[in-house]
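For what it's worth, our numbering labels the leading residue of the sequence shown as 49, then goes sequentially.
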Amino acid sequence: MSKFIKWIVVILVICSSAYLLAEWKMKNEVVSFLEHKVPKHIDFTYDKITVNLFKGNIAFKDVTVVSLGKQTSSCEIKVDTDELSIEGFSYWKILFQKSIFIKTLTLTKPHLNFKTCPKDTDNVVANKSNPINLLKEIFVQNLIFDSGIVEIWDATKQLELISVQKINLSLKEVATNPDIITKYVPFTFSEYNIEIQKFNAPLGDFEALEMESMVIDNSNIDITNISLSTIYSKSELSKEITYQRDYIDLTIPSINVENHNYLVSNDSLQVNFKELFLTKPKLEMYRDKSRLEDFRNKPLYGELLRKLPFKVAIDSVFIEKGSIIYEEDIPNNVKAGALSFENLDATISNLSNLVNVEDPLKIHLNANLMGVGKFHLDWEFDVQDLQNTFLISGGLSNFNTANLNDFIVPNLRTQTTGTIDQLYFTISGDDNVATGDIKMSYEDFKFQVMNKERNGIKKVLSFIGNLFVNDGSKADVHGYRYGDINVERVKNKSFFNYLWINLQDGLVDVLTGNGKKD
């Protein structure tokens, strides 16, 4: 063997040994760092570590990280992951630029488990600024969560607050430094993509939110098959409650948000959407009127928006092909009365609770009442108006009143016949009173009073009642009769009850008054 070859072999052996020694040294440095530099409230364990010094790769197998939540609102955070891998670790950056650069940080099948703090917790540190003393800038070009699971529990770990069966997350250009890490969001990033499947969250003691999937990126949000539903059946809910409460079943096959962004200032969140689309939402509501009435005040929508715990600004909301079914069950041993709006299309403009927004919130709605009558509504109010003033106008056309009998026979012991050709109304009001006017063109209107069992007509009462009701024949030259609206709000009832009693007051005046325009 020539000397040249011997020297080559010796050099290769020395280089290989030096490389293996450097890898061993690097591995020991990482282990030493985890043992001595990780804060005491964080427990980091793993089964195996591998280091590739040449590529700048570090991989941990079967990792478990437990944090006692000294810098968060959670009292315990636990992360289990099959693998935590670091690729493209830059030695040049850390040695000569005093910063940490990682090309890709990947968590494979991470299981994130959060336990929230009790309301009376003594962990006041969580409410203070982040005390982490970061000495170096950290930059991660790609941060990836691959096939993760998320669970958030209450303080007792008896109630699961949020469950996500699968989450994929990708963040680009993740960065933090000694200043950024003290902020509400302790890092920055550029592009992002989040995919969530099978999201579940209870909303109090009676409702739950479920979502099949959601995809979020810098521009859009796409949600598939989301529902907000009462967790009990109608009959079970009646057994669980003392006071009246709506049974709710809301399903939305598709929600799309275009051009969204979020701002954080002084620990306050602001959500901005350019356009929000809801396709084929279906809302079913049921109320058992045999339960006690709840006399607590129900705020109007302007007040509810003002009191949201975050700021919101949505330029436009579009609702397409929706439906609403409302059932009311009075203890009379008959079926519940049902009121429905079908083929509902609506637009909402300026949905915002920002103080500096001058334009009012506007709602325009078209639907088929009971599947047949053409109903439209225009509604506007200023969210920041403390008097909660509003203006509503609308109309109904080509409606056979017999279609209302499914609702009014069980609830009012009354059935009607006749046709509303055209009905128009305008109502202005506030939190206390409302006034307005109404005009209606109708034909052959009559009502009949039912007996207690709702299976027969009380002819005498029906005859007497119809003596005071104009059948539509005494109208002006255009075929209209007119009425006035003047009502006081019942503050323990909803806005839609407020709207209903306004229309009821106007209709009674049209049918029983002189019918003349003031």
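Quick reminder that beta carbons are idealized off the backbone N, C-alpha and C, glycines included.
On a predicted model such as this, the values are computed, not experimentally measured, just so you know.
Under the three-state DSSP convention, the category residue i falls into
i, result
"alanine 571", "The question about residue 571 has no answer, for the chain in this structure spans 49 to 566."
"phenylalanine 438", "strand"
"serine 286", "helix"
"valine 556", "helix"
"lysine 487", "strand"
"arginine 335", "strand"
"tyrosine 546", "helix"
"tyrosine 280", "coil"
"threonine 204", "coil"
"arginine 344", "coil"
"leucine 387", "strand"
"lysine 96", "strand"
"phenylalanine 144", "helix"
"valine 508", "Model confidence at valine 508 stands at a pLDDT of 36, short of 50, so the residue's coordinates are unreliable; what they give is reported in the following sentence. The answer is helix: DSSP assigns valine 508 an H, G or I state."
"asparagine 562", "coil"
"phenylalanine 473", "strand"
"leucine 101", "coil"
"phenylalanine 366", "strand"
"phenylalanine 137", "coil"
"phenylalanine 455", "helix"
"valine 173", "No answer about valine 173 holds up, because its pLDDT of 44 lies below 50 and its placement is not dependable."
Opening and closing residue of the beta strand (DSSP E) in which residue i lies
i, result
"glutamine 318", "316 to 327"
"isoleucine 150", "147 to 156"
"arginine 354", "Element bounds for arginine 354: not the beta strand (DSSP E) but the alpha helix (DSSP H), 349 to 354."
"serine 115", "105 to 115"
"arginine 529", "529 to 536"
"valine 233", "Segment: none, valine 233 is in no beta strand (DSSP E) and carries neither H nor E."
"serine 313", "295 to 313"
"glutamine 292", "Run containing glutamine 292: none; DSSP gives neither H nor E here."
"asparagine 480", "Unbroken run through asparagine 480: none, as it is neither H nor E."
Best match in the options for proximity to residue i [C-alpha to C-alpha]
i, options, result
"glutamine 318", "Tyr240, Phe389, Leu402", "Leu402"
"glutamate 43", "Lys163, Lys103, Phe162, Ile148", "What the structure shows of the chain is the stretch from 49 to 566, and residue 43 is not part of that stretch, so it cannot be assessed."
"glutamate 124", "Pro226, Gln189, Ile200", "Ile200"
"tyrosine 472", "Lys346, Thr224, Met488, Val481", "Met488"
"aspartate 454", "Leu324, Leu434, Met418", "Met418"
"phenylalanine 144", "Glu185, Ala107, Val114, Asp110", "Glu185"
"threonine 395", "Thr327, Asn216, Val360", "Thr327"
"glycine 527", "Leu551, Gly563, Ile533", "Gly563"
"arginine 335", "Ser115, Ser313, Ser281", "Ser281"
"aspartate 377", "Asp294, Glu323, Lys330", "Asp294"
"valine 405", "Gln245, Asn436, Val431, Asp426", "Val431"
"leucine 452", "Asp130, Thr156, Ala386", "Ala386"
"glycine 443", "Asn480, Asp485, Asn391", "Asp485"
"aspartate 30", "Glu284, Asn448, Lys522, Asp478", "Since the first residue of the chain shown is 49 and the last is 566, residue 30 is not available in this structure."
"alanine 107", "Asp91, Leu155, Asp128", "Leu155"
"lysine 205", "Thr164, Thr236, Asp478, Phe247", "Thr164"
"arginine 354", "Phe254, Asn100, Asn436, Leu311", "Asn436"
"arginine 344", "Asp426, Val222, Ser542, Leu276", "Ser542"
"serine 388", "Pro250, Leu356, Pro357, Lys422", "Lys422"
"leucine 348", "Ile90, Ser195, Phe438, Pro301", "Phe438"
Cβ separation of residue i and residue j, assumed to be a contact under 8 Å, to the nearest whole Å
i, j, result
"threonine 465", "glutamate 491", "Their Cβ separation, rounded to whole angstroms, is 10 Å, which puts threonine 465 and glutamate 491 out of contact at 8 Å."
"isoleucine 197", "leucine 160", "7 Å"
"glutamate 368", "aspartate 393", "6 Å"
"asparagine 225", "phenylalanine 193", "Actually they are not in contact, since the Cβ atoms of asparagine 225 and phenylalanine 193 sit about 23 Å apart, beyond 8 Å."
"aspartate 363", "glutamine 292", "Not confirmed; about 36 Å, so no contact."
"histidine 308", "phenylalanine 325", "In fact, because the Cβ distance is near 12 Å, the residues do not count as touching under 8 Å."
"asparagine 190", "lysine 151", "7 Å"
"alanine 482", "tyrosine 530", "Not really, about 17 Å apart at Cβ, beyond 8 Å."
"aspartate 20", "asparagine 534", "This structure cannot settle anything about residue 20, because the visible part of the chain is limited to 49 through 566."
"leucine 425", "leucine 413", "4 Å"
"threonine 272", "glutamate 260", "5 Å"
"lysine 241", "serine 218", "Lysine is not the amino acid found at residue 241; the sequence shown has asparagine there. Contact flag correct, Cβ pair sits at about 5 Å."
"glutamate 239", "valine 263", "In fact, because the Cβ distance is near 14 Å, the residues do not count as touching under 8 Å."
"threonine 129", "lysine 157", "6 Å"
Cβ of residue i within 8 Å of any chain D Cβ
i, result
"aspartate 485", "You won't find chain D in this structure, because it holds only one protein chain."
Quiz item: If you scan the stretch 372 to 432 from start to end, which runs of the alpha helix (DSSP H) of 4 or more residues do you find wholly inside it?
Solution: Within the stretch 372 to 432, not a single complete alpha helix (DSSP H) segment reaches 4 residues in length.
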